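One point on numbering: in our numbering, the residue at position 183 of the sequence shown is 680, and numbering is uninterrupted.
Remarks on the structure that follows.
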Amino acid sequence: MIKVVGVRFKDAGKIYYFDPDGKFIKKEDNVIVETSRGIEFGLVVVGPKLVSEEEVYQPLKKVLRIATQDDMDKNKENKVKENEAFGICLEKIEKHGLGMKLVDVEYTFDNNKIIFCFTADGRIDFRDLVKDLAGVFRTRIELRQIGVRDEAKMIGGLGPCGRTLCCSSFLGDFKPVSINNAKEQKLSLNPAKISGICGRLMCCLNYENETYEKNNEILPDYGDKVKTPYGVGMVVDVNTLMCRVKVKFKSEKDNLEEVKTFQNEEINII
């Protein structure tokens with residue numbers, strides 16, 4: 498087992514494990530760590546814990562230090578410089594006539610690299626743009642093309658439910674979402690109703706899907722005939738989450754219809 502701390506570099510970003518290196522580090526501490534991109538400023542979101550070696554990427558990098566006040570001030574300065582770099586890059590994109598949308602700019606903590614994230618419909622030849630930006634900022638420049646889901650995560654916003662986007666508030670990683678999830682939950686297959694602001698299937702379709710799959714295996718379908726304490730009837734509605742069904746009974750004597758609700762354990766499929 499290895500002792501680690503979990504660090505995030507952005508709100509709702511992916512959690513990366515680091516070796517605390519004997520330092521007294523607790524949750525909510527700001528730390529300085531070395532990553533593949535360089536020296537970074539991060540927030541400890543998972544306090545010290547033991548994990549198996551299979552759960553971490555080797556070699557495990559160490560926490561360099563707990564952030565000092567000078568480190569925090571420098572991080573704030575970097576945020577200001579990121580806003581300035583964003584405006585400059587927009588001007589350069591327009592100058593070169595490139596069909597790309599700038600989404601985010603990020604300085605590494607040590608200012609050794611500036612990362613410009615953008616979206617585009619296809620491949621973009623941005624070699625001249627990189628040379629232009631390198632001439633302005635005098636440091637390493639990386640242009641990274643991202644997908645529409647990553648764009649939504651970076652920009653944020655409100656989902657169709659009226660709440661802050663899951664991806665920008667708490668989802669660290671994107672998981673595949675299938676149209677079968679919508680079918681399993683008997684949702685409308687109208688793309689406008691099951692897609693998020695990114696234009697892709699909503700991440701929340703995954704949340705209850707396991708429960709739907711499990712319950713749908715034991716529940717009857719619409720139109721099934723079932724035996725109930727009140728006799729035989731036909732299923733006209735199914736509440737998958739509550740495991741309840743509505744059954745319609747028809748009296749041949751007076752030609753009247755009646756609908757009653759039952760828990761799944763109260764009925765038997767004929």
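Glycine included, each C-beta is placed from N, C-alpha and C at the ideal position.
The structure presented is a predicted model; accordingly, all values stated were derived computationally and were not measured.
If you run the structure through DSSP and keep just helix, strand and coil, what is residue i?
i, result
"Tyr-709", "helix"
"Pro-688", "helix"
"Ile-612", "strand"
"Ile-536", "strand"
"Lys-650", "helix"
"Leu-662", "coil"
"Asn-527", "strand"
"Leu-702", "helix"
Which whole-angstrom value describes the C-beta separation of residue i and residue j, a residue pair presumed to lie in contact below a C-beta threshold of 8 Å?
i, j, result
"Leu-595", "Ile-621", "6 Å"
"Val-744", "Thr-725", "6 Å"
"Leu-662", "Gly-669", "Going by Cβ atoms, the distance from Leu-662 to Gly-669 rounds to 13 Å, so no, they are not a contact pair."
"Val-627", "Cys-614", "Incorrect: roughly 14 Å between the Cβ atoms, too far for contact."
"Asn-703", "Lys-683", "Asn-703 to Lys-683, Cβ: 16 Å. No contact."
"Tyr-604", "Lys-573", "Between Lys-573 and Tyr-604 the Cβ distance is about 12 Å, and since that is not below 8 Å, they are no contact."
"Leu-716", "Thr-737", "6 Å"
"Gly-544", "Lys-524", "4 Å"
Taking only the alpha-carbon atoms, compute the straight-line gap between residue i and residue j and give it to the nearest angstrom.
i, j, result
"Val-528", "Val-502", "10 Å"
"Asn-678", "Phe-759", "26 Å"
"Val-729", "Ala-649", "51 Å"
"Ser-666", "Val-723", "45 Å"
"Lys-559", "Cys-664", "28 Å"
"Phe-521", "Met-699", "40 Å"
"Thr-616", "Gly-644", "6 Å"
"Arg-505", "Asn-608", "19 Å"
"Phe-583", "Asp-518", "36 Å"
"Ile-638", "Lys-680", "45 Å"
"Val-633", "Gln-642", "21 Å"
"Lys-576", "Phe-515", "24 Å"
*In the region 620-645, which residue ranges form an unbroken beta strand (DSSP E) of at least 3 residues, counting only runs that do not cross its ends?*
Those beta strand (DSSP E) runs which fall completely within the region 620-645 and span 3+ residues are 637-642.
*At what residue ranges does the region 549-601 contain a whole run of the beta strand (DSSP E), taking only runs of 3 or more?*
Those beta strand (DSSP E) runs which fall completely within the region 549-601 and span 3+ residues are 560-563.
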